[in-house]
Amino acid sequence: MSKTNLGLVEYAKSKLTLPTIYMLSGFGRVLTHSNIDKRIANGCAHTIRNQSIIRAGVGKYVFDCVGLIKGYLWETSPGVVPYKMIDGVYFPDSDNNVKGMYDRAIEKGSFVTMPDIPGMLVMTSDLGHVGVYIGKINGLKQYIEATPAFNIWAVGQTNETQRQWAYWAKHYLIEYIEPPKSIYTIVRGDSLSRIAPRFNMTWQELYELNKDVIGGNPSKIEVGMILRLDKNIVFVDRIREVIVEKIVEVEKPLNIILQQDDVTVTVVKEVNK
Numbered sequence: 050m051s052k053t054n055l056g057l058v059e060y061a062k063s064k065l066t067l068p069t070i071y072m073l074s075g076f077g078r079v080l081t082h083s084n085i086d087k088r089i090a091n092g093c094a095h096t097i098r099n100q101s102i103i104r105a106g107v108g109k110y111v112f113d114c115v116g117l118i119k120g121y122l123w124e125t126s127p128g129v130v131p132y133k134m135i136d137g138v139y140f141p142d143s144d145n146n147v148k149g150m151y152d153r154a155i156e157k158g159s160f161v162t163m164p165d166i167p168g169m170l171v172m173t174s175d176l177g178h179v180g181v182y183i184g185k186i187n188g189l190k191q192y193i194e195a196t197p198a199f200n201i202w203a204v205g206q207t208n209e210t211q212r213q214w215a216y217w218a219k220h221y222l223i224e225y226i227e228p229p230k231s232i233y234t235i236v237r238g239d240s241l242s243r244i245a246p247r248f249n250m251t252w253q254e255l256y257e258l259n260k261d262v263i264g265g266n267p268s269k270i271e272v273g274m275i276l277r278l279d280k281n282i283v284f285v286d287r288i289r290e291v292i293v294e295k296i297v298e299v300e301k302p303l304n305i306i307l308q309q310d311d312v313t314v315t316v317v318k319e320v321n322k
């Protein structure tokens, strides 16, 4: 499957840079007066009630919330969106509303259990609205959604303070690629020779990365011990050493101190409160 969660995120972000408008049934084509007239003729109360706002968007790319997801599946270029066609193949079951997307998802659950993987679909409690999780900025979860809310009336970016989500799901037609792990926690029965092949390295390479954690004997690993899988991971004690070495600069932000020491930091545990 060529459609991935990372591709969905990039697609959604790309729509932030284009002129878009919200209208029910939109999935990325250019809005025309004919489209609006058809919705009105079919008795769409939302379109009738907001006709003046929607007509001002004629010529823009039109989306509703599920249309943002469908657009990613079907679009071949901006505005060119063959109905139910994914990479030239007809998928008759690819046109779903929010509930349909949730029902078809194999992996899904309550929002509080959502894995921190960009490209997850997030849904409201009534399964009437959907957005795309794109990651965090300054600790706040960020989403892209097509919505008339918050006076957006387009594809826009929101954060976790603006809307309460109830569910998450992986779209059944999208392959989800998880970010590579940076750390590993030792469990009972582990040894370096058993762990290393899982991360495409030798036990010697894994040991070299973690000599400061393991000590002089590579067989002496303990349950609960945290190993780095990336040389750029810096554990708490090393961070403290850097700070002590640069005590004269303690008034500077931690990230500046560490940058001056040419250290890239991934926070592994809650530190330096």
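Here this note's numbering is used: the first residue of the sequence shown is 50, the next is one more, and so on.
Positions of the beta carbon are idealized from the N, C-alpha and C atoms, including for glycine.
Practice task
Using three-state DSSP, classify T96 as helix, strand or coil.
Solution key: For the purposes of this step, residue 96 is identified with residue 47 of the sequence shown, where counting begins at 1. DSSP places T96 in helix when its eight states are reduced to three.
Exercise for the section: May I have the straight-line CA-CA distance separating A105 from T207, to the nearest angstrom? Expected result: Walking along the sequence shown from the start, residue 105 turns up at place 56. Walking along the sequence shown from the start, residue 207 turns up at place 158. Computed Cα separation, rounded: 23 Å.
Practice task
Check whether the region 217–230 touches the region 192–205, counting contact only when three or more Cβ pairs, one atom from each stretch, lie closer than 8 Å.
Solution key: no
Exercise for the section: Starting from the N-terminal side, write out each stretch of the beta strand (DSSP E) that is 3 residues or longer and does not extend beyond the region 189–239. Expected result: 189–196, 203–208, 216–218, 232–234
Handout entry: CA-to-CA distance, L65 to K301, given in whole angstroms
Key = Looking up residue 301 in the sequence shown gives position 252. Looking up residue 65 in the sequence shown gives position 16. Note that K301 scores 47 on pLDDT, short of 50, meaning its location in the model is unreliable; the coordinates nonetheless yield the value given after this. If you take the alpha carbons of K301 and L65, they lie about 36 Å apart.
Handout entry: At least 3 beta-carbon pairs within less than 8 Å: the region 203–222 vs the region 156–172
Key = yes
Exercise for the section: May I have the straight-line CA-CA distance separating V299 from Q211, to the nearest angstrom? Expected result: As a first step, residue 299 is located in the sequence shown; it is residue number 250 there, counting from the start. As a first step, residue 211 is located in the sequence shown; it is residue number 162 there, counting from the start. With a pLDDT of 44 at V299, under the threshold of 50, the predicted position of this residue should be treated as unreliable, and no value is reported.
Practice task
Using a threshold of 8 Å, state whether the C-beta atoms of I270 and D239 are closer than that.
Solution key: Reading the sequence shown from its first residue, position 221 is the one you call residue 270. Reading the sequence shown from its first residue, position 190 is the one you call residue 239. In contact: I270 and D239 (Cβ atoms closer than 8 Å).
Exercise for the section: Would you kindly check if the distance between the Cβ of L222 and the Cβ of S143 is under 8 Å? Expected result: Position 94 of the sequence shown holds residue 143. Position 173 of the sequence shown holds residue 222. It is a contact, given that the beta carbons lie within the stated cut-off.
Handout entry: Inter-residue spacing [alpha-carbon to alpha-carbon] between V272 and D165
Key = Here residue 272 refers to the residue found at position 223 when the sequence shown is read from its first residue. Here residue 165 refers to the residue found at position 116 when the sequence shown is read from its first residue. Distance between the alpha carbons of V272 and D165 is about 25 Å.
Exercise for the section: Evaluate A90 with the Cβ neighbour count: other Cβ atoms within 10 Å of its Cβ, from every protein chain shown; 16 or more gives buried, anything less gives exposed. Expected result: In the sequence shown, counting from the first residue as 1, residue 90 sits at position 41. It is exposed - the Cβ of A90 has fewer than 16 other Cβ atoms within 10 Å.
Handout entry: Y192 to L55 span [Cα, whole Å]
Key = Numbered from its first residue, the sequence shown carries residue 192 at position 143. Numbered from its first residue, the sequence shown carries residue 55 at position 6. Roughly 14 Å between the two C-alpha positions.
Handout entry: Whole-angstrom distance between F76 and V115, CA atom to CA atom
Key = Numbered from 1 along the sequence shown, position 66 holds the residue referred to as residue 115. Numbered from 1 along the sequence shown, position 27 holds the residue referred to as residue 76. The alpha-carbon atoms of V115 and F76 are separated by roughly 8 Å.
Exercise for the section: List the DSSP bridge partners of T81. Expected result: Reading the sequence shown from its first residue, position 32 is the one you call residue 81. Per DSSP, none; premise fails for T81.
Problem - In DSSP terms, what M250 is bridged to - result: For this step, residue 250 is matched to residue 201 along the sequence shown. Paired residue(s): none; M250 is not in a bridge.
Problem - CB contact check: W123 to chain C, cutoff 8 Å - result: In the structure shown, chain C cannot be found, because there is only a single protein chain.
Problem - Own chain residues within Cβ distance below 7 Å of M134, not counting five before or after - result: Here residue 134 refers to the residue found at position 85 of the sequence shown. Same-chain partners within the cutoff: W123.
Exercise for the section: Tell me the start and end of each unbroken alpha helix (DSSP H) in the region 117–202 that is at least 4 residues and wholly inside, in chain order. Expected result: 147–153
Handout entry: Top-ranked residue by Cα proximity to V236, from M274, I183, I97, Y60
Key = Working through the sequence shown from its first residue, we reach residue 236 at position 187. The residue with the shortest Cα to Cα distance from V236 is M274.
Exercise for the section: Please state whether DSSP places V272 in a helix, a strand or coil. Expected result: Start at 1 with the first residue of the sequence shown, and residue 272 comes out as number 223. Note: V272 maps to coil in three-state DSSP.
Practice task
Express the C-alpha separation of L189 and E209 in angstroms, rounding to a whole number.
Solution key: Numbered from its first residue, the sequence shown carries residue 209 at position 160. Numbered from its first residue, the sequence shown carries residue 189 at position 140. Spanning the two alpha carbons is a distance of roughly 6 Å.
Problem - V107 in three-state terms, based on DSSP - result: In the sequence shown, counting from the first residue as 1, residue 107 sits at position 58. Coil at V107, not helix or strand.
Handout entry: Residue burial classification, G92 (beta-carbon count within 10 angstroms, cutoff 16)
Key = In the sequence shown, residue 92 corresponds to position 43, counting from 1. Answer is exposed; the Cβ neighbour count stays below 16.
Exercise for the section: Taking all protein chains shown into account, decide if V58 is buried (16 or more other Cβ within 10 angstroms of its Cβ) or exposed. Expected result: What you label residue 58 is simply residue 9 of the sequence shown in a count that begins at 1. So V58 counts as buried.
Exercise for the section: Locate the alpha helix (DSSP H) running through I263, then write down its first and last residues. Expected result: The residue labelled residue 263 in the question sits at position 214 within the sequence shown. Counting along the chain, the alpha helix (DSSP H) containing I263 begins and ends at 260–263.
Handout entry: N- and C-terminal bounds of the beta strand (DSSP E) containing I70
Key = Against the sequence shown, residue 70 aligns to sequence position 21. Counting along the chain, the beta strand (DSSP E) containing I70 begins and ends at 69–71.
Problem - Cα-Cα separation, Y60 to I97 - result: Here residue 60 is taken as the residue at index 11 of the sequence shown, counted from 1. Here residue 97 is taken as the residue at index 48 of the sequence shown, counted from 1. Their backbone Cα atoms lie some 30 Å apart in a straight line.
Problem - Spatial distance of V147 from I263 (CA atoms) - result: Along the sequence shown, read from residue 1 onward, the residue named residue 147 stands at position 98. Along the sequence shown, read from residue 1 onward, the residue named residue 263 stands at position 214. Looking at the two C-alpha atoms, the distance is approximately 49 Å.
Practice task
Return the Cβ separation of L117 and V181 in integer angstroms, given the expectation that the two are a contact with Cβ distance under 8 Å.
Solution key: As a position in the sequence shown, residue 117 is number 68, starting the count at 1. As a position in the sequence shown, residue 181 is number 132, starting the count at 1. About 7 Å separates the two Cβ atoms, so the contact holds.
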